[in-house]
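Below is one structure, written out as structure tokens, with a few remarks after it.
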Amino acid sequence: MSTYKTIIVERDPGGWDVVTLNRPDKLNAASPTLMAEMLSYLSGLETDELVTHERNGPKPRAILLKANGRAFCAGLDLVESADDSSDGPAHGTHLFNAQRKVAQIIMVMRRIKQPIVALLQGPTAGFGLALALAADVRIIQKNFKCNVAMAKIGLTGADVGISYFLPRVVGPGVAAEMMMTGRFLKADRAYELGFASSLHETYDEVLKAGEALVSNMIETMAPMPLFMTKEALNLSLEAPSLHSQVALEDRQQLMSLKDPAFAVYVKKGFKKSKI
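Those letters in the sequence shown? Residues 6 to 280, per the working numbering, in order.
Below is the structure:
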């Protein structure tokens, strides 16, 4: 495992990586270093190499994304991210490149094969909300609250994928309210809207629920069907018709029939088995 300054990456014996944002004194606000380290880690998973069945293989089979301290991520660290260079075309190019690098983290999260389960506590704002939305599943603590912080500092509320994910997760009306006012969405309401799959009183309960979920994913599905399910869910967000989505599902299912894991189930008469 690589050594990072602002994130911690650990491989659980169960076969998943635990990625922890580790700037608790700054409410895990995203500094340039944290964002570079997140992109480095995620990009290392974005390869053509298939995830193997072995739980101690070179690639994890799932990712648990969490944070130390009382907040998941309070957004961008504006102090460390401030740029003192002069205005002008070169400065504009620099800003565009920096913006695109931040957005790249969100896009890579959706492209990698591994499902991502985000464990969320306390304030989750701006870039932190974008990270949460880019996860496949979100589990939240009772003290969780999130907002589109950009709307409150003179910027557009449409940033780093939020305008894509938020309407699809909580509905266009709630998304518009959040993006145009910066108002917080609190835990109970977030759970009601389907933002999170479960809501818990304590962080220990959140952590246990997350570990149980990724363990269940790995025990239930072999790597290729698990990845293809994530891929199908991603593509369904943009599918032009039921016909096109079913066509994708048919092809994925035929590929899964050739996976060794399916033969294991057949031989065992579809009884419970661990892959």
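Ideal Cβ placement from N, Cα and C applies to all residues, glycine included.
Item, Value
"Can you name, in chain order, every residue of its own chain whose Cβ lies under 7 Å from the Cβ of N27, other than the five neighbours on each side?", "T11, I12, I13 and N73"
"Could you have a look at T25 and say whether DSSP puts it in helix, strand or coil?", "strand"
"Run through DSSP, which three-state label would P128 get?", "strand"
"When the Cβ atoms of the region 229 to 248 are set against those of the region 145 to 161, are three or more pairs found closer than 8 Å?", "no"
"So, under 8 Å CB-CB, N152 and A130 are touching, yes? Tell me the CB distance rounded to an integer number of Å.", "5 Å"
"To the nearest angstrom, how far is it from the Cα of S203 to the Cα of K71?", "15 Å"
"Kindly give me the distance between the Cβ atoms of R75 and W21, rounded to whole angstroms, as I take these residues to be in contact under 8 Å.", "That pair is no contact at about 24 Å."
"Does E224 pass the burial test, meaning 16 or more other C-beta atoms within 10 Å, or should it be called exposed?", "exposed"
"How far does the beta strand (DSSP E) with R143 in it reach, from first residue to last?", "V142 to Q146"
"Apart from the five residues just before and just after V179, which ones in its own chain have a Cβ nearer than 6 Å to its Cβ?", "none"
"Over what stretch of residues does the beta strand (DSSP E) that includes L204 continue unbroken?", "S203 to H205"
"For F267 and E15, I'd like the C-alpha separation in whole angstroms.", "30 Å"
"Here's a check: name, in chain order, each residue in its chain whose Cβ is nearer than 6 Å to the Cβ of V211, leaving out the five neighbours to either side.", "L124, I144, Q146 and H205"
"One question on the structure: do M185 and G199 come within less than 9 Å of each other, judged by their Cβ atoms?", "no"
"If I follow the unbroken alpha helix (DSSP H) through R256, where does it start and stop?", "L247 to L262"
"Is there at least one Cβ from chain C nearer than 9 Å to E224's Cβ?", "Any reference to chain C falls outside this structure, which holds one protein chain only."
"Can you tell me the Cβ-Cβ gap for L171 and L136, rounded? I've got them flagged as a contact below 8 Å.", "Contact flag wrong, Cβ pair sits at about 13 Å."
"Using 10 angstroms around the beta-carbon of V24, count the other beta-carbons present and answer buried if the total reaches 16, otherwise exposed.", "buried"
"Compare the beta carbon distance of V175 and A156 with 9 Å and say whether it is the shorter of the two.", "no"
"Hey, quick one: how far does the alpha helix (DSSP H) through V174 stretch, first residue to last?", "I167 to V175"
"Where are the alpha helix (DSSP H) runs, 4 residues long or more, that stay fully inside the region 180 to 230, in chain order?", "192 to 197 and 208 to 225"
"Does the distance from the CB of L247 to the CB of A237 come in under 9 Å?", "no"
"Quick one: give me the first and last residue of the beta strand (DSSP E) that L69 is part of.", "I68 to A72"
"So which of P29, S220 and L81 has the shortest CA-CA distance to I158?", "L81"
"For S168, which residues from the same chain have a beta carbon less than 6 Å from its beta carbon, with the 5 sequence-adjacent residues on both sides left out?", "none"
"Quick one: give me the first and last residue of the alpha helix (DSSP H) that V153 is part of.", "No alpha helix (DSSP H) contains V153, which DSSP labels as neither H nor E."
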